[in-house]
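Here the sequence shown is numbered in the working numbering, starting from -10 and rising by one per residue.
What follows is a single structure, written as structure tokens, with notes after it.
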Amino acid sequence: MIKIETTRLILREFEVKDADDVFSFASNKEVSIYTGEEAITEKSQALDIIEKTWFVDYAKYGYGRWAVIHKPDNKLIGFAGLKYLSDIDEVDIGYRFLPEYWGNGIATEASIEIMKYGFEVLNIERIIGIAMPENVASCKVLEKIGLKFYKTDNYADEDNLFNWYKKEMSL
């Protein structure tokens, strides 16, 4: 099982026992505002996400979105990780956290290690990030971790426009 540790965080694969914590952040309307997805409304949906999305990604690709535990209060506060987007044949970095943890550098701290893992351990050639332009904080995180803006476009047949960022593996 993958486990990455930073000064304040532990990143690890999700487990079934995390369903209540997943429900806590995935049902929060503030968390989903810039995701293009609806907030979930039932705890069974949290378990479905763990089992039918994240477990499948771990088995198929060897990576996925990981649980982020905030060490100072030993609390699962959201996710961060890589996801293979088969419809565009790209690997995306993403993160979502409970609002009370926003603005503290957590997304940057987690994402720096995820990028390193993606390039150095998984040998991924390119990692992208996709964020709504109005999600200024997320766009800034993508730039802080070394991704470069390269276009504004829609994604997955959505009407919304997104800022697209990328970083290539350094040789």
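A virtual CB, placed ideally from N, CA and C, is assigned to each residue, including glycine.
None of the values given here were measured: they were computed from a predicted structure.
Just to confirm before moving on: does the CB-CB distance between residue i and residue j stay below 8 Å?
i	j	result
isoleucine 113	glycine 107	yes
serine 16	alanine 28	yes
threonine 141	asparagine 152	yes
glycine 135	lysine 156	yes
glycine 70	arginine 54	yes
proline 88	valine 20	yes
glycine 94	phenylalanine 14	no
isoleucine 38	glutamate 79	no
tryptophan 43	phenylalanine 12	no
alanine 99	threonine -5	yes
alanine 120	aspartate 76	no
lysine 64	isoleucine 58	yes
In terms of residues, what are the limits of the beta strand (DSSP E) holding residue i?
i	result
tyrosine 154	151 to 157
aspartate 81	79 to 86
phenylalanine 138	137 to 142
lysine 64	64 to 74
alanine 35	Per DSSP, alanine 35 belongs to no beta strand (DSSP E); it is in the alpha helix (DSSP H), 32 to 38.
alanine 99	Run containing alanine 99: none in the beta strand (DSSP E); it sits in the alpha helix (DSSP H), 95 to 109.
isoleucine -1	-2 to 1
By alpha-carbon positions, which one of the options ends up nearest to residue i?
i	options	result
glycine 51	Tyr73, Lys32, Lys105, His59	Tyr73
tyrosine 47	Lys6, Asp10, Ile(-9), Gly83	Ile(-9)
leucine 111	Leu65, Met158, Lys6	Met158
glutamate 132	Ile82, Asn143, Val5	Ile82
glycine 92	Ser127, Lys41, Val5	Ser127
Here's a check: name, in chain order, each residue in its chain whose Cβ is nearer than 6 Å to the Cβ of residue i, leaving out the five neighbours to either side.
i	result
isoleucine -7	Leu0, Glu102
leucine 36	Ala8
tyrosine 23	Met121, Asn124
tyrosine 90	Ile66
Give the range of the alpha helix (DSSP H) segment to which residue i is assigned.
i	result
isoleucine 161	Residue numbering for the chain in the displayed model covers -10 to 160; residue 161 lies beyond these limits and cannot be assessed.
alanine 15	8 to 15
glycine 51	That residue, glycine 51, is in no alpha helix (DSSP H); it is neither H nor E in DSSP.
lysine -8	Segment -8 to -6 is the beta strand (DSSP E) holding lysine -8; no alpha helix (DSSP H) there.
alanine 120	Careful: alanine 120 lies outside any alpha helix (DSSP H), inside the beta strand (DSSP E) at 115 to 120.
Below 7 Å CB to CB, which residues in the same chain sit around residue i once its five sequence neighbours on both sides are set aside?
i	result
lysine 60	Arg(-3), Leu(-2), Ile(-1)
glycine 25	Glu147, Asn149
Which whole-angstrom value is the C-beta distance of residue i and residue j, which I expect to be below 8 Å?
i	j	result
asparagine 130	alanine 96	The question names asparagine, but residue 130 is valine in the sequence shown. Indeed, because the Cβ distance is near 5 Å, the residues count as touching under 8 Å.
Please list, in chain order, all residues of the same chain as residue i whose beta carbon is under 8 Å from its beta carbon, the five residues on each side excluded.
i	result
tyrosine 139	Trp153, Tyr154, Lys155
arginine 115	Glu79, Val80, Lys155, Lys156, Glu157, Met158
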